[in-house]
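Protein chains: 2
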Amino acid sequence: MSDMIKIAVDAMGGDNSPKKIIDGIIHNHQSNNNSFYKIFGDENKISEIIKGKIDNDYYEILHTENVVKSTDSPLEGAKRGKNTSMWLAIESVKNKEADIVVSAGNTGALLVVSKLNLKMIENIDKPALSALWPNKKGMSVVLDLGANIECSSKNLLDFSIMGASLYTSLYPDDKPNVGLLNIGSEELKGNEIIKETYQILNDRNSNNYDFAGYIEGNHLMDGDVNVIVSDGFTGNVALKTAEGTANFIASELKTAMTGTLIGKISSLLNISNLNKFKKRLDPRLYNGAIFIGLDSPVVKSHGGTDYIGFSNSLDVCHRIVKGNLIEKIKQNI
Amino acid sequence: MSDMIKIAVDAMGGDNSPKKIIDGIIHNHQSNNNSFYKIFGDENKISEIIKGKIDNDYYEILHTENVVKSTDSPLEGAKRGKNTSMWLAIESVKNKEADIVVSAGNTGALLVVSKLNLKMIENIDKPALSALWPNKKGMSVVLDLGANIECSSKNLLDFSIMGASLYTSLYPDDKPNVGLLNIGSEELKGNEIIKETYQILNDRNSNNYDFAGYIEGNHLMDGDVNVIVSDGFTGNVALKTAEGTANFIASELKTAMTGTLIGKISSLLNISNLNKFKKRLDPRLYNGAIFIGLDSPVVKSHGGTDYIGFSNSLDVCHRIVKGNLIEKIKQNI
Numbered sequence: 000m001s002d003m004i005k006i007a008v009d010a011m012g013g014d015n016s017p018k019k020i021i022d023g024i025i026h027n028h029q030s031n032n033n034s035f036y037k038i039f040g041d042e043n044k045i046s047e048i049i050k051g052k053i054d055n056d057y058y059e060i061l062h063t064e065n066v067v068k069s070t071d072s073p074l075e076g077a078k079r080g081k082n083t084s085m086w087l088a089i090e091s092v093k094n095k096e097a098d099i100v101v102s103a104g105n106t107g108a109l110l111v112v113s114k115l116n117l118k119m120i121e122n123i124d125k126p127a128l129s130a131l132w133p134n135k136k137g138m139s140v141v142l143d144l145g146a147n148i149e150c151s152s153k154n155l156l157d158f159s160i161m162g163a164s165l166y167t168s169l170y171p172d173d174k175p176n177v178g179l180l181n182i183g184s185e186e187l188k189g190n191e192i193i194k195e196t197y198q199i200l201n202d203r204n205s206n207n208y209d210f211a212g213y214i215e216g217n218h219l220m221d222g223d224v225n226v227i228v229s230d231g232f233t234g235n236v237a238l239k240t241a242e243g244t245a246n247f248i249a250s251e252l253k254t255a256m257t258g259t260l261i262g263k264i265s266s267l268l269n270i271s272n273l274n275k276f277k278k279r280l281d282p283r284l285y286n287g288a289i290f291i292g293l294d295s296p297v298v299k300s301h302g303g304t305d306y307i308g309f310s311n312s313l314d315v316c317h318r319i320v321k322g323n324l325i326e327k328i329k330q331n332i
Numbered sequence: 000m001s002d003m004i005k006i007a008v009d010a011m012g013g014d015n016s017p018k019k020i021i022d023g024i025i026h027n028h029q030s031n032n033n034s035f036y037k038i039f040g041d042e043n044k045i046s047e048i049i050k051g052k053i054d055n056d057y058y059e060i061l062h063t064e065n066v067v068k069s070t071d072s073p074l075e076g077a078k079r080g081k082n083t084s085m086w087l088a089i090e091s092v093k094n095k096e097a098d099i100v101v102s103a104g105n106t107g108a109l110l111v112v113s114k115l116n117l118k119m120i121e122n123i124d125k126p127a128l129s130a131l132w133p134n135k136k137g138m139s140v141v142l143d144l145g146a147n148i149e150c151s152s153k154n155l156l157d158f159s160i161m162g163a164s165l166y167t168s169l170y171p172d173d174k175p176n177v178g179l180l181n182i183g184s185e186e187l188k189g190n191e192i193i194k195e196t197y198q199i200l201n202d203r204n205s206n207n208y209d210f211a212g213y214i215e216g217n218h219l220m221d222g223d224v225n226v227i228v229s230d231g232f233t234g235n236v237a238l239k240t241a242e243g244t245a246n247f248i249a250s251e252l253k254t255a256m257t258g259t260l261i262g263k264i265s266s267l268l269n270i271s272n273l274n275k276f277k278k279r280l281d282p283r284l285y286n287g288a289i290f291i292g293l294d295s296p297v298v299k300s301h302g303g304t305d306y307i308g309f310s311n312s313l314d315v316c317h318r319i320v321k322g323n324l325i326e327k328i329k330q331n332i
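Here the protein sequences line up with chains A and B, keeping their order. For the first sequence, position 119 (counting from the first letter as 1) is numbered 118 according to numbering that gives the first Met the number 0, and the numbering increases by one without interruption. For the second sequence, position 324 (counting from the first letter as 1) is numbered 323 according to numbering that gives the first Met the number 0, and the numbering increases by one without interruption.
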């Protein structure tokens, strides 16, 4: 079992934890017995849920006393320090006792505690928060989603390299192309930093990716661009606006589809198709944002997801480690 | 007929013009005979479409020789100068021969030519591009959508006042609230300019609007905030991302609903509900972005819309003039 991937799991973060975290581990183990789970949190609660469900060759529980709260500011979270499940899970990666760490807890605290414990990859100036987005042809990687409000052209170049490395670690057969999020497709649009980054990416030859120029918000989900690069402010607004739009449309659709008796009946007839549709857009499928730029990847699960969503973030962990993400970034930087 | 609202129409901008513009005017006239259309463009083409369809008490054609192209840069467009339908339509507003102007042509050129011809409202530093967005409870006003890439806190304050004035000119019975687009709802998040604007809006008492604090992208369409304020870069990305998300979901839904025979039949049964849904989200309903801050409003129709969409932008013109938008801004600034 020495070639198993070791995932450090903060069991205490997010809503309804540790229950959903442990259920997520159990669910994940059913389709994947190449992961070993190092579970940090309240030993009593955790062992009650997990015992008998997974052979204990596949996990260990590391008891922790304290918890970072969702209401903590990033600094408050970090100050709770070494007794927390979050801190100790990250520390186990630092000490090479685990390959990767995942938490559904407080995002700001996770970023701060990760930066305190883990080293930056050489020549990367700032780490970025990235995620997978569905598009018409598959999935794309988008970064930064909020770790860095203001970014230089060097930061955006780093994000391009890291994003492309993440994409190839997840989809080893593809050479990705990289687009720069902007408000027009013409070279002269955008602010100075974006135009500067355009020039740098355009002049640079990379074996790692092709540069696809600017991409506008309305084309993010067309599927023609694999890696979408942005500063953290704009990226966060784009991600959340897409989420809000999807919610709005779903609620309008529900109202329309069930407005009349015929509507209700035909929606019932159409239920398998609607379920297929819902499945394709299920946010749990895309759960697991990846904080990259540190010498170990850190995965952030959505705090509000359920055990299926958390299990998907464990899949992301597995694929990233198998895909040698960190090595790929080091080669390409 | 002297109390009719006079709308200067650039008939030559956008796809399939002047046909769709004139058809839009004819359609608009059917439900509204309080507008007089001053139509700028190719007289032969225009009169061929319009003659016999509307009594000529309701329009006049002002022949123009030249056209701003959609491929022109903003400056190229402006340099085509006084012979163009766009320039002359705007000039007629400047000369008080019309109350408002609308064009489906080149956005950048429209902004530049408007700024060259029209004066700024006193104490407003920069004009902004605003639009109506659908939400769960009705509509909201969002600005700036791309006229100003970088904005100061004074600009964002101006946008708040102008946006609230626009909202009350469209919905006279409501006192709107104003939200500032940001990446978190906590006071300490965001860049310095946004935090500064938060303080200014929070300290300022206005009869014109209430301040609702920060709003995140995922809540833009909840309907709790009536006026959403942002710099033009972020606003443009948000608008286009919402558009792209809606397109993506529509295409996924179509695939899912017609994937099987039962799916096809039940979608057919459900067609009136689906049509209601489509109608609610029809982008033509929201056509007509408003460039505000100049001493006359300038309305931009989407270039790709059809005659129904263009007719809706004529409705927007009518409502804005009736609602005394410019007077409202001057009172509140």
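Even glycine gets a Cβ: it sits at the ideal position worked out from N, Cα and C. Fair warning: this is a prediction, and the values are worked out from it, not measured in the lab.
Here's the rule: buried if 16 or more other CB atoms are within 10 angstroms of the residue's CB, otherwise exposed. What is residue i?
i: residue 324(A); result: buried
i: residue 107(A); result: buried
i: residue 215(A); result: buried
i: residue 119(A); result: exposed
i: residue 81(B); result: exposed
i: residue 30(B); result: exposed
i: residue 252(B); result: buried
i: residue 122(B); result: exposed
i: residue 55(B); result: exposed
i: residue 204(A); result: exposed
i: residue 299(B); result: buried
i: residue 312(A); result: buried
i: residue 250(B); result: exposed
Between the options, which has its C-alpha nearest residue i's C-alpha?
i: residue 58(A); options: 46(A), 17(A) and 307(A); result: 46(A)
i: residue 95(A); options: 51(A), 306(A), 122(A) and 37(A); result: 37(A)
i: residue 294(B); options: 13(B), 97(B), 32(B) and 54(B); result: 97(B)
i: residue 170(B); options: 307(B), 42(B) and 207(B); result: 207(B)
i: residue 60(B); options: 51(B), 43(B), 307(B) and 144(B); result: 43(B)
i: residue 307(B); options: 129(B), 3(B) and 20(B); result: 20(B)
i: residue 317(B); options: 32(B), 66(B), 197(B) and 121(B); result: 32(B)
i: residue 66(A); options: 122(A), 51(A), 52(A) and 87(A); result: 87(A)
i: residue 69(A); options: 312(A), 173(A) and 301(A); result: 301(A)
i: residue 151(A); options: 179(A), 115(A), 196(A) and 212(A); result: 196(A)
i: residue 234(B); options: 49(B), 145(B), 84(B) and 99(B); result: 145(B)
i: residue 176(B); options: 211(B), 10(B) and 257(B); result: 211(B)
i: residue 310(A); options: 183(A), 3(A) and 34(A); result: 34(A)
i: residue 15(B); options: 124(B), 304(B) and 322(B); result: 304(B)
i: residue 174(B); options: 248(B), 209(B), 296(B) and 158(B); result: 209(B)
Could you check whether residue j and residue i sit closer than 8 angstroms to each other, using their CB atoms as the reference points?
i: residue 73(B); j: residue 40(B); result: no
i: residue 181(A); j: residue 193(A); result: yes
i: residue 289(A); j: residue 165(A); result: yes
i: residue 199(A); j: residue 156(A); result: yes
i: residue 148(B); j: residue 112(B); result: no
i: residue 8(A); j: residue 101(A); result: yes
i: residue 287(A); j: residue 127(A); result: no
i: residue 162(B); j: residue 129(B); result: yes
i: residue 327(A); j: residue 168(A); result: yes
i: residue 232(A); j: residue 190(B); result: yes
i: residue 239(A); j: residue 217(B); result: yes
i: residue 115(A); j: residue 92(A); result: no
i: residue 244(A); j: residue 255(B); result: no
i: residue 99(A); j: residue 320(A); result: yes
i: residue 248(B); j: residue 332(A); result: no
Quick check: the segment 208-223 of chain A against the segment 126-141 of chain A, are at least 3 beta-carbon pairs closer than 8 angstroms? A contact exists between the segment 126-141 of chain A and the segment 208-223 of chain A.
Determine which residues of the segment 64-98 of chain A have a Cβ less than 8 angstroms from any Cβ of chain E, and write them out in chain order. Note that chain E does not occur in the displayed structure, where the protein chains are A and B.
Using a beta-carbon distance cut-off of less than 8 angstroms, what residues from the segment 285-304 of chain A approach chain B? none
Are the segment 68-84 of chain A and the segment 21-29 of chain A touching, with three or more C-beta to C-beta distances below 8 angstroms? no
With 9 angstroms as the limit, tell me which residues of the segment 145-161 of chain B have their beta carbon closer than that to any beta carbon of chain A; keep them in chain order. 145, 148 and 149
Check each residue of the segment 22-35 of chain A: if its Cβ is closer than 8 angstroms to any Cβ of chain B, include it; give the result in chain order. Considering only beta carbons, no part of the segment 22-35 of chain A lies closer than 8 angstroms to chain B.
Would you list, in chain order, the members of the segment 245-256 of chain B that have their beta-carbon closer than 9 angstroms to a beta-carbon of chain A? 245, 246, 247, 248, 249, 250, 251, 252, 254, 255 and 256
Contacting positions in the segment 222-234 of chain B - beta carbon closer than 7 angstroms to chain A: Taken in chain order, the members of the segment 222-234 of chain B whose beta-carbon sits within less than 7 angstroms of a beta-carbon on chain A are 232 and 233.
Can you list, in chain order, the residues of the segment 203-221 of chain A whose Cβ is nearer than 9 angstroms to any Cβ on chain B? 215, 216, 217, 218, 219, 220 and 221
Note down, in chain order, all residues in the segment 125-139 of chain A with a beta-carbon under 9 angstroms from any beta-carbon belonging to chain B. 133, 134 and 135
What are the residues of the segment 162-189 of chain A that lie near chain B, defined by any Cβ-Cβ distance shorter than 9 angstroms? 180, 181, 182, 183, 185, 187, 188 and 189
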